[in-house]
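Engineer: Encoded as structure tokens, here's the structure I'll be asking about.
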Amino acid sequence: MKSLEGLSNFASIESNTSVASLVLNFDVDEIGRAVANTSINDFASNYCNNDWGYNGPGVITRTLEKICETNLVTDMNKQKCKGFTVLGTEAFCPISWTDWQLYFNPNTSDEVMVKLKDSIGIHVWNLHSKHTVINIGSKQPYGLVAKKYCPINFSLAKYVF
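Counting from 1, position 115 in the sequence shown corresponds to residue 1460 in this note's numbering; the numbering is continuous, with no gaps.
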């Protein structure tokens, strides 16, 4: 996995139609403040108490559609977005929410680990995966990533992580 070092003012795409709200960075410069303030105002004005997607990824997607002047998240780039970076799905969402089980299937380790090579972090879609067990010593991709990148936390688990 890659480092966050050197990155500022960024979000990442989670699908062809949505910017993810899972990792956001706003610097104190003009564009960072503009994206943060527009997002806060959108959230306050459009809050929908029964739709987490509208309040999370919906907020940052709507904000960047305005700032970047495009409704296509795949067209959002640093130039169009006035210095704000929109990273591709490979950064944090190399596995789609529709395939979240791949992170927990020991038979998909090789396939998943190849998809993670250009990632900065991984979103394991906890709405769907929150009750899934990672067995210590298994080849489950999520467990392999945790063991490598979170060794102290991983070492505290005896049987399941």
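Note that the Cβ used here is the ideal one computed from N, Cα and C, for glycine as well.
Treat the numbers as computed from the prediction; the structure is a model and nothing was measured.
1) Do the region 1445 to 1453 and the region 1377 to 1395 meet, that is, are 3 or more Cβ pairs less than 8 angstroms apart?
2) Beta-carbon within less than 7 angstroms of residue 1427's beta-carbon, same chain only, minus the 5 sequence neighbours each way: which residues are those?
3) Give me the Cα-Cα distance between residue 1432 and residue 1350, rounded to the nearest whole angstrom.
4) Measuring straight from C-alpha to C-alpha, what distance separates residue 1393 and residue 1401?
5) Considering only the alpha carbon of each residue, which of 1387, 1366, 1353, 1417 lies closest to residue 1373?
6) Could you check what DSSP says for residue 1390 in three-state terms: helix, strand or coil?
7) Determine the closest residue to residue 1471 out of 1489, 1442, 1484, 1455, with distance taken between C-alpha atoms.
8) Tell whether a beta-carbon distance below 8 angstroms holds between residue 1490 and residue 1465.
9) By alpha-carbon positions, which one of 1347, 1484, 1482, 1356 ends up nearest to residue 1407?
10) Are the CB atoms of residue 1437 and residue 1368 within a distance shorter than 8 angstroms?
11) Could you name each continuous alpha helix (DSSP H) segment of 4 residues or more that falls completely within the region 1415 to 1496, going from the start of the chain to the end?
12) Based on the DSSP output, what are the partners of residue 1357 in its beta bridges?
13) Can you list, in chain order, the residues of its chain whose CB lies under 8 angstroms from that of residue 1415, leaving out five sequence neighbours each side?
14) Decide if residue 1403 is buried, meaning its Cβ has at least 16 other Cβ atoms within 10 Å, or exposed.
15) In angstroms, rounded to a whole number, what distance separates the CA positions of residue 1462 and residue 1435?
16) With DSSP run on the structure shown, which of helix, strand or coil describes residue 1370?
17) Smallest Cα separation from residue 1475: which of 1496, 1366, 1506?
Structural biologist: Reading from the atomic positions:
1) Cβ pair count under 8 angstroms is below three, so no.
2) Residues of the same chain with a CB within less than 7 angstroms of the CB of residue 1427, apart from the 5 flanking positions on each side, are 1376, 1412 in chain order.
3) Cα atoms of residue 1432 and residue 1350: separation of roughly 14 angstroms, rounded to the nearest angstrom.
4) If I take the Cα positions, the gap works out to 10 angstroms.
5) Closest in C-alpha terms to residue 1373, from the list 1387, 1366, 1353, 1417, comes 1353.
6) Note: residue 1390 maps to helix in three-state DSSP.
7) Of the candidates 1489, 1442, 1484, 1455, the one whose C-alpha sits nearest the C-alpha of residue 1471 is 1442.
8) At the C-beta level, residue 1490 and residue 1465 stay beyond 8 angstroms of one another.
9) The option with the nearest alpha carbon to residue 1407 is 1356.
10) Yes, these two residues count as a Cβ contact at 8 angstroms.
11) DSSP runs (the alpha helix (DSSP H)) wholly in the region 1415 to 1496: 1454 to 1460, 1471 to 1474, 1486 to 1494.
12) Paired residues: 1365, 1432.
13) Excluding sequence neighbours, residue 1415 sits near 1421, 1425.
14) Under this definition residue 1403 is a buried residue.
15) Near 9 angstroms, if we compare the C-alpha coordinates of residue 1435 and residue 1462.
16) In the three-state reduction of the DSSP assignment, residue 1370 falls in the strand class.
17) For the residues 1496, 1366, 1506, the minimum Cα distance to residue 1475 belongs to 1506.
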